[in-house]
Each structure stands twice: as structure tokens, then as C-alpha cells.
Amino acid sequence: MITLLVIAKEPRPGRVKTRLTPPFSPEQAAGLAEAALADTLRAVAGAPAARRLLVLDGRPGRWLPPGFEVVPQCAGGLDARLADAFARCSEPALLIGMDTPQVTPDLLTVDFADCDAWFGPAEDGGFWALGLARPEPGLLRGVPMSTPVTGAVQRERLVAAGLRVRDLPQLRDVDTAADARAVAALAPHGAFAARLAGCAAGR
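Put into C-alpha cells, the structure is as follows:
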């Protein structure tokens, strides 16, 4: 069994999903972020794991289901915060963010029997998931984050370290309003799709 890690920000207006404003208000964007996080945590709760760890910037809220440990994110850039998340694990671990509410428990059910790492590429050039059979924080430190080549650089870092890498399906992150509509269509029965529909209806 593995540890499932979720790295996330508390969904507060003005702090999350700022690229959604406009067309959405900061409050609507925060509501969409909360729904995305709720869907993500629900998928994690439904996947087999020995431990479920939320690495959080902020404070937990009503969106947090039972069964999760909550620890604060460290200071520094995203590469440092991801590295610190893996540093909290001594067993195989899979890390995801809060930007892919279409994720399912099946996608998070990984086996390290014939590989050392799992890599989930994102359509924008980043990555939505990273799994390590032997968590090594140094594999993430110094990787340029939030660029069109982030995923390529991170995957090459794994390969250069001699790891056997298997790929997960490519997913689309929710960054823009177009992303939100596309992702909601992929998971029409989730909290994210419902919240987006509420925004469109002016609720």
C-alpha cells in the first residue's frame, strides 16, 4: 500500500484560481477551487492507500473528508514544497494537486511492482501526478515550475536518475474558464461541474 499525497491551497477568494477572474468573481473562483478540491479528495478517499496526507497552505474546512492527515506546506517555491511533501514519506507515494477534479480512484491505483516512478503529464506542459517508489526530495528541487516545459524537465530528471518510469494518462488542469468548462464536461456529476453550473446560472 502507498501514501497518497494531495498538495493544495485553502480555497479563499483572491488566493486561488486567480486566472479565472474574470470572467468569474474572486468568490466564484474560490468556490470552484473548493469544489475541485472536494472532488479530488473524494477520489483519493476512494483509492487504496495506507495513508492519505493533505499538504495544505492554509486551514482545512468543511470540504475535508475524514481519513486524512493534514500538514502545513513549507515555505519556498513549488519545487521546494513538492519536495518537502515527499520528504514526509518513507514508503511509496503518489502526489497530486487540486487542479484535476476529473481524477478517479482508478487513476490513483498504481502499482510499483515493475517501475520506480509514475508520471502523469498535464496538457499545459506540467504534470498532475508524480509517484515515487522511494521518495527522494532531490528529484524535485530545482525543477522549474509553472512553465510549458515543467513536465518534460521533471520526467527527464526521473529518467536521468536511472528510474523506470511509467506514464499515467494526460489530464487537463483547471487554470482558465475554458479549462473549467472542458473538465466539467468530463466529470458532469461531480461537485466541480455542479458549482460551475451554479456560476453560469448566477447562483
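Per the numbering used here, the sequence shown runs over residues 1376 to 1578.
Even for Gly, the Cβ is constructed at its ideal location relative to N, Cα and C.
For clarity, every value in this text was computed on a predicted model and none was experimentally measured.
Subject >> Inter-residue Cα distance where the pair is residue 1483 and residue 1541 >> reply: As a working mapping, residue 1483 is identified with position 108 in the sequence shown. As a working mapping, residue 1541 is identified with position 166 in the sequence shown. Roughly 13 Å separates the two Cα atoms.
Original post:
Which ranges does the alpha helix (DSSP H) cover as unbroken runs of at least 4 residues, wholly within the region 1433-1464, from first to last along the chain?
Top reply: 1453-1462
Subject >> Coil, strand or helix - residue 1551 by DSSP >> reply: Residue numbering aside, residue 1551 sits at position 176 when the sequence shown is read from its first letter. Three-state DSSP puts residue 1551 in coil, outside helix and strand.
**OP:** Report the three-state DSSP secondary structure of residue 1468 (helix, strand or coil).
**Re:** Stepping through the sequence shown from its first residue, residue 1468 is reached at position 93. Strand.
Subject >> Any alpha helix (DSSP H) of 4 or more consecutive residues that is wholly inside the region 1467-1540 >> reply: Fully contained in the region 1467-1540 are the following alpha helix (DSSP H) runs of length 4 or more, in chain order: 1525-1535.
Original post:
How would you call residue 1376, buried or exposed, if buried means at least 16 neighbouring beta carbons within 10 angstroms?
Top reply: Residue mapping note: residue 1376 aligns to position 1 of the sequence shown, counting from 1. Burial call: exposed.
Original post:
Looking only at its own chain, which residues have a Cβ that is under 7 Å from the Cβ of residue 1411, when we skip the five neighbours before and after it?
Top reply: One-based indexing of the sequence shown puts residue 1411 at position 36. The residues are 1473, 1474, 1476, 1549 and 1567.
Original post:
Around the C-beta of residue 1553, are 16 or more other C-beta atoms found within 10 angstroms, so that it is buried, or is it exposed?
Top reply: For the purposes of this step, residue 1553 is taken as residue 178 along the sequence shown, with counting starting at 1. Classification of residue 1553: exposed, given that the 10 Å Cβ count is below 16.
**OP:** Would you check if there are 3 or more beta carbon pairs closer than 8 Å linking the region 1504-1522 to the region 1449-1460?
**Re:** yes
Original post:
Do residue 1547 and residue 1560 come within 8 Å of each other at the CB atom, strictly closer than that value?
Top reply: Locating residue 1560 in the sequence shown gives position 185, counting from the first residue. Locating residue 1547 in the sequence shown gives position 172, counting from the first residue. Against a cut-off of 8 Å, the Cβ pair of residue 1547 and residue 1560 comes out as no contact.
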